[in-house]
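In UniProt numbering, the protein residues as written are 1 to 749.
First the structure, in the form of structure tokens, and then the observations on it.
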């Protein structure tokens, strides 16, 4: 049983890719999302603030318009009340007594009564009495010219009844250095016998009437302008600086039509409405001060709302919105970062799982088992190596899988429990398996050890059958090296690398300082050494005779092609017959099958090899032999036989390709046209020796600088066509050299 231990410290990661990695694209995505969030929140807050200010402005303007309606109604009622008051003044006993007696006492009494009324009524500016002839008789002040009274009234051209009151338009008069807007009312005076006695005139201040009404409506601080139909300001800032001096001049006596023509145009087009200026919103209302149908007294009441006042009133809500936007932005940024962090952590977790799975399902067999030897899981390589399906592995124990005796299995587990590690070799070849190198280590489950009743082990093994075979072969070769056959290992230059004892004795090498194969084999072999090298590079072997022995020189394995094996066999043994050649093995098995493969191969050639390369097209269709579609199988069989022969004969540097049915292509890098022609002659001769040369035609073309592959192939097609047309020779060349007269091709046989 495995013993429980303390939780070990976490080890460092194998590489940075296992942890969270903020890539440049991820950072850019986070930055763009945060930027879009901030822009969206900023845009939304701006829209809400603008809409809120506009809504507040409209609500405020609606409220101000209601105030103007109420103010207009009260102003009309006030003027009507003043008509009643003027009628009451005209019928007072003091005035009647003065008109009857006309003495100083009654005059002083009347003047005192008027002064008392003027002092108690703020909007009453003056009271005047005019005789029937139109002459001024009495007045409380001389601030107002009575000549403004229409002559048609003074001369009786317009008759006024005892109850009729004439209300004038609004005029200006300087009072105490201030231009005061006022209007007057005229009452008809007559006695009991209906005789005309004169006129009573009362002068009232427009601005004072408005000031008396506005506090009752809560408009004391609200700006108010009163205009006539010509745009003249009759009531405004009253000498105080205008709140929006740049937008409108509301001084008494100024002209709105000149100061603000756009606003005045809107006012004259309708009786009421709203106008949005650059700095303020204006609300206006048209009203008639009198109820007299004969005389219309139309005026306009205008009020305005400054944009800065609206913004100041909305500032509290604006602050709340900005605070909420900041909170939402911060939460959004945190949410974006957390979402990306969650994705990165999940990706890192999945990557670690994939990494563990890839390591577990690697090229070596892995088994997870309990400490009691029961298999929990195994990978595909383990099942393949053990020749047992994964389902069956999960139902077996380690002892059964590795065919261990009970005592051997107990011994292995005891060593593992003691050292927490075991490795060794088990040979399963007697049971139809393989030789295995096995390693047992504890599974990395440290985070579960304290709360787990069962621990796991990781069993790793790999097939060493080939290694065992190599060891056995090595032992055999060691014995063979001491046999009666002389064997030596050399490099491509002929330098001896290793020899056996028989080789040393055969060439009397003991005490000899020479280590050159050419020197040891004599001048005859030395003179043929270049030919031997060419034969080895083309065919991989060479066979010859020296003295009374047969010499066999073969290339070593492909991975070590720069080394040769030289074997000396006595001629008397006849161990090798010159006519019995070793079975040739093709230098390459890869055959290009389509244009894409040919193009890829041609483009990847070295520039020098491609520039001095040639191409050969071989037509293997005998004339008149394969004339029907049913013969296609025979043609393919013939082409396959030719291909196999070419694979045996072709040097390693050349490449074979299937161009068409009945046609083969050979690309010859770093080969001139003459060399290709010589190679084609030898190839046709070899095919003729085995009975495959019938109907063979070969076209050869040379590659030119900056030439496309399609043109290269077309040139070779031309050469092949000429070879088929030529009755005497079956090998032709085209486009193999340049002409001085710009002729593009030369045919050669």
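From the three backbone atoms N, C-alpha and C, an ideal C-beta is built for every residue, glycine too.
* Using the C-alpha atoms, what's the distance from residue 233 back to residue 254? -> Spanning the two alpha carbons is a distance of roughly 6 Å.
* For residue 321, I'd like the list of residues in its chain whose CB is within less than 7 Å of its CB, leaving aside the five on either flank, ordered along the chain. => Excluding sequence neighbours, residue 321 sits near 45, 48, 49.
* Along the alpha helix (DSSP H) that carries residue 332, what are the first and last residues, could you check? => It spans 315-360 - the alpha helix (DSSP H) in which residue 332 sits, taken as one unbroken run.
* Looking only at C-alpha atoms, which of 197, 169, 205, 326 sits nearest to residue 180? -> For residue 180, the closest C-alpha among the options 197, 169, 205, 326 is that of 205.
* By how many angstroms is the C-alpha of residue 289 removed from the C-alpha of residue 168? -> Residue 168 and residue 289: Cα-Cα distance of roughly 10 Å.
* Asked: Looking only at DSSP bridge pairs, what is residue 235 linked to?
  -> Per DSSP, 226.
* Excluding five sequence neighbours on each side, which residues of the same chain lie with their C-beta closer than 6 Å to the C-beta of residue 665? -> Counting only residues of its own chain and dropping the five nearest sequence neighbours on each side, residue 665 has a CB closer than 6 Å to the CB of 617, 657, 659.
* Asked: What's the call for residue 722, buried or exposed, on a 16-neighbour Cβ count within 10 Å?
  -> Buried is the call here.
* Can you find at least 3 beta carbon pairs, one from the segment 261-272 and one from the segment 335-347, that sit closer than 8 Å? -> With the cut-off at 8 Å, the segment 261-272 and the segment 335-347 do not touch.
* **Distance, residue 521 Cα to residue 609 Cα** => If you draw a straight line from the Cα of residue 609 to the Cα of residue 521, it comes to about 36 Å.
* Enumerate in chain order the residues of its own chain whose CB-to-CB distance from residue 562 is below 7 Å, with the five nearest sequence positions on each side excluded. => Setting aside the 5 residues that flank it on each side, residue 562 is surrounded in the same chain by 491, 492, each with a C-beta closer than 7 Å to its C-beta; the list follows chain order.
* To do: Count the other CB atoms, across all protein chains shown, that sit within 10 Å of the CB of residue 440; report buried if there are 16 or more and exposed otherwise.
  => Counting other Cβ atoms within 10 Å of its Cβ, residue 440 reaches 16 or more and is therefore classed as buried.
* Asked: In whole angstroms, what separates the C-alpha of residue 315 from that of residue 330?
  -> When the Cα atoms are used, residue 315 and residue 330 turn out to be separated by approximately 22 Å.
* Asked: CA-CA distance, residue 278 and residue 67?
  -> Computed Cα separation, rounded: 23 Å.
* Within this structure, are the beta carbons of residue 775 and residue 304 separated by less than 7 Å? -> Examination of residue 775 is not possible in this model, given that the chain is present from 1 through 749 alone.
* Asked: Quick one: what's got a C-beta closer than 7 Å to residue 98's C-beta in the same chain, skipping five residues either side?
  -> Residues of the same chain with a CB within less than 7 Å of the CB of residue 98, apart from the 5 flanking positions on each side, are 106, 107, 110 in chain order.
* Asked: In whole angstroms, what separates the C-alpha of residue 680 from that of residue 712?
  -> Each residue's Cα considered, the two are about 18 Å apart.
* CA nearest to the CA of residue 497, picked from 208, 466, 462, 564 -> Of the listed residues, the one whose Cα sits closest to residue 497 is 564.
* Write down every uninterrupted run of the beta strand (DSSP E) in the segment 90-151 whose length is 3 residues or greater and which is fully enclosed by it, in chain order. => Counting only runs of 3 or more, we get 124-130, 136-139.
* To do: Return the residue from the list 442, 489, 430, 485 that minimises the CA-CA distance to residue 465.
  => The option with the nearest alpha carbon to residue 465 is 430.
* Asked: Grouping DSSP H, G and I as helix and E and B as strand, with all else coil, what is residue 52?
  -> In the three-state scheme derived from DSSP, where H, G and I count as helix and E and B as strand, residue 52 is classed as helix.
* **Paired residues, beta bridge with residue 379 - DSSP** => Paired residues: none, contrary to the question.
* To which residues of the same chain is residue 736 closer than 6 Å at the C-beta, ignoring the five residues directly before and after it? -> Closer than 6 Å at the Cβ level, and outside the excluded window around residue 736, lie 673, 702.
* For residue 311, collect the residues of the same chain with a Cβ closer than 7 Å to its Cβ; drop the 5 residues on either side in sequence, then sort them by chain order. => So the list reads 53, once near-sequence residues are dropped.
* Asked: By a C-beta neighbour count over all protein chains shown, 10 Å radius and 16 as the cutoff for buried, is residue 669 buried or exposed?
  -> Per the 10 Å Cβ criterion, buried.
* **Local conformation of residue 552 per DSSP, three classes** => When DSSP states are grouped into helix, strand and coil, residue 552 belongs to the strand group.
* To do: State the CB to CB distance for the pair residue 41 and residue 280, rounded to an integer number of angstroms; the pair is presumed to be in contact (CB under 8 Å).
  => Rounded to whole angstroms, the Cβ separation of residue 41 and residue 280 is 31 Å, and the two are not in contact under 8 Å.
* With a Cβ-Cβ cutoff of 7 Å, do residue 229 and residue 86 count as a contact? -> Inclusion of residue 229 and residue 86 in the CB contact set at 7 Å is not warranted, their separation being larger than that value.
* Where in the segment 599-625 do unbroken runs of the alpha helix (DSSP H), each at least 4 residues long, occur, reported from the N-terminal end onward? -> Taken in chain order, the whole alpha helix (DSSP H) runs of length 4 or more contained in the segment 599-625 are 607-611.
* Look at the alpha carbon of residue 412 and the alpha carbon of residue 345, and state the distance between them as a whole number of angstroms. => Taking the straight line from one Cα to the other gives about 41 Å.
* To do: Answer yes if the segment 126-146 comes into contact with the segment 207-215, meaning at least three C-beta pairs across the two stretches below 8 Å, and no otherwise.
  => The segment 126-146 and the segment 207-215 do not touch, with fewer than three beta-carbon pairs separated by less than 8 Å.
* Asked: What are the residues that DSSP puts in a beta bridge with residue 181?
  -> In DSSP, residue 181 forms a bridge with 172.
* Asked: When you compare each of 287, 607, 301, 405 to residue 816 by their alpha carbons, which one comes out closest?
  -> Look at the range of the chain in this structure, 1 to 749, and you will see that residue 816 is not part of it.
* So the alpha helix (DSSP H) residue 400 belongs to, where does it begin and stop? -> For residue 400, the uninterrupted alpha helix (DSSP H) segment begins and ends at 398-401.
* To do: Thinking residue 332 and residue 37 are a contact (beta carbons under 8 Å), I'd like their distance in whole angstroms, please.
  => The distance from the Cβ of residue 332 to that of residue 37 is about 5 Å, consistent with a contact at the 8 Å cut-off.
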